[in-house]
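Engineer: Residue numbers (the numbering used here): 48 to 243.
Backbone N, C-alpha and C fix where the C-beta goes; we use that ideal spot for every residue, glycine too.
Predicted model only: the values in this text are computed from it and were never measured.
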């Protein structure tokens, strides 16, 4: 299932003009597939919200495995690509233009997200994690390696627990002019958080 899903996700279009201030990077299809298949196997794939969805890979992957999915992003250009991607693959995903802090969801959901890591703008991931803890029962979130103390602190303050932590090395493709190599491997942590 993971390999087939990853192959479908490989066909999605990425950012045409990624905005460095938003730390826009495409989530690698293999990682997206790994996360969404795991969420499906754990029974977390009913109603999925992707905060900062970019070009839609996590929301689309969730919809392909049967979830009702909604993606929120502040960047209209990214959302246009996300809509085209969903149409091309043939899944129904709602994409909404919104600042993450303004997102409102009427029912409890699973948040699956790849927030900015806060490399260019310190603490850029915080509004995403804070909003996720407001609206979700379960959260799957990707962070740069070394984020465990921060994630556990947020969980403690907001009534969540870390049920799983997976560590991956993912290929980061050359996206911006300041990147010197075609791609480099970066260490990331994927968390599954659950409301207590």
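Do you know how far the Cα of residue 191 is from the Cα of residue 202?
Structural biologist: For the purposes of this step, residue 202 is identified with residue 155 of the chain shown, where counting begins at 1. For the purposes of this step, residue 191 is identified with residue 144 of the chain shown, where counting begins at 1. Rounded to the nearest angstrom, the two C-alpha atoms are 17 Å apart.
Engineer: Using the DSSP secondary-structure output, state which residues sit across from residue 124 in a beta bridge.
Structural biologist: What you label residue 124 is simply residue 77 of the chain shown in a count that begins at 1. Looking at the DSSP assignment, residue 124 forms no beta bridge with any residue, so it has no partner.
Engineer: Among the residues of its own chain, which have a CB less than 7 Å from the CB of residue 148, if the five just before and after it don't count?
Structural biologist: Taking the first residue of the chain shown as position 1, residue 148 is located at position 101. Counting only Cβ-Cβ distances below 7 Å, and skipping sequence neighbours, we find 174 and 178.
Engineer: Alpha carbon to alpha carbon, how far is residue 80 from residue 50? Give it in angstroms, no decimals.
Structural biologist: For the purposes of this step, residue 50 is taken as the residue at position 3 of the chain shown. For the purposes of this step, residue 80 is taken as the residue at position 33 of the chain shown. Cα-Cα distance, rounded: 8 Å.
Engineer: In its own chain, which residues sit with a C-beta less than 8 Å from the C-beta of residue 61, not counting the 5 before and 5 after it?
Structural biologist: Position 14 of the chain shown, counted from the first residue, corresponds to residue 61. Excluding residues within five positions, the ones whose Cβ falls inside 8 Å are 73, 102 and 128.
Engineer: Can you tell which of 198, 122, 219 and 137 has its C-alpha closest to the C-alpha of residue 146?
Structural biologist: In the chain shown, counting from the first residue as 1, residue 146 sits at position 99. Of the listed residues, the one whose Cα sits closest to residue 146 is 122.
Engineer: What are the partner residues of residue 97, as DSSP defines its beta bridges?
Structural biologist: Translated into positions along the chain shown, residue 97 becomes position 50. BP columns for residue 97 point to 118.
Engineer: Any idea if residue 86 is buried or exposed, counting beta-carbon neighbours within 10 angstroms, 16 or more meaning buried?
Structural biologist: By 1-based counting over the chain shown, the position of residue 86 is 39. Flag for residue 86 reads buried.
Engineer: What would DSSP say about residue 62, mapped onto helix, strand or coil?
Structural biologist: Locating residue 62 in the chain shown gives position 15, counting from the first residue. Coil, per DSSP.
Engineer: Taking just the CA atoms, how far does residue 230 sit from residue 117?
Structural biologist: Here residue 117 is taken as the residue at index 70 of the chain shown, counted from 1. Here residue 230 is taken as the residue at index 183 of the chain shown, counted from 1. Residue 117 and residue 230: Cα-Cα distance of roughly 30 Å.
Engineer: Evaluate residue 48 with the Cβ neighbour count: other Cβ atoms within 10 Å of its Cβ, from every protein chain shown; 16 or more gives buried, anything less gives exposed.
Structural biologist: Working through the chain shown from its first residue, we reach residue 48 at position 1. With fewer than 16 Cβ atoms within 10 Å of its Cβ, residue 48 is classed as exposed.
Engineer: Near residue 184, which residues of its chain fall below 6 Å by C-beta distance, leaving aside the five closest residues on each side in sequence?
Structural biologist: Stepping through the chain shown from its first residue, residue 184 is reached at position 137. Here the set comprises 155 and 242.
Engineer: Check this for me: beta carbons of residue 83 and residue 107, under 7 Å apart or not?
Structural biologist: Counting from one through the chain shown, the residue named residue 83 turns up at place 36. Counting from one through the chain shown, the residue named residue 107 turns up at place 60. No, the Cβ-Cβ distance between residue 83 and residue 107 is not below 7 Å.
Engineer: Along the chain, where does the beta strand (DSSP E) that runs through residue 3 open and close?
Structural biologist: Nothing about residue 3 can be reported from this structure: the residues present for the chain run from 48 to 243 only.
Engineer: Return helix, strand or coil for residue 243, following the three-state DSSP convention.
Structural biologist: As a working note, residue 243 is residue 196 in the chain shown. Correct three-state label for residue 243: coil.
Engineer: Rounded C-beta distance between residue 109 and residue 77? I'm assuming under 8 Å.
Structural biologist: For this step, residue 109 is matched to residue 62 along the chain shown. For this step, residue 77 is matched to residue 30 along the chain shown. The Cβ separation is near 16 Å, so there is no contact.
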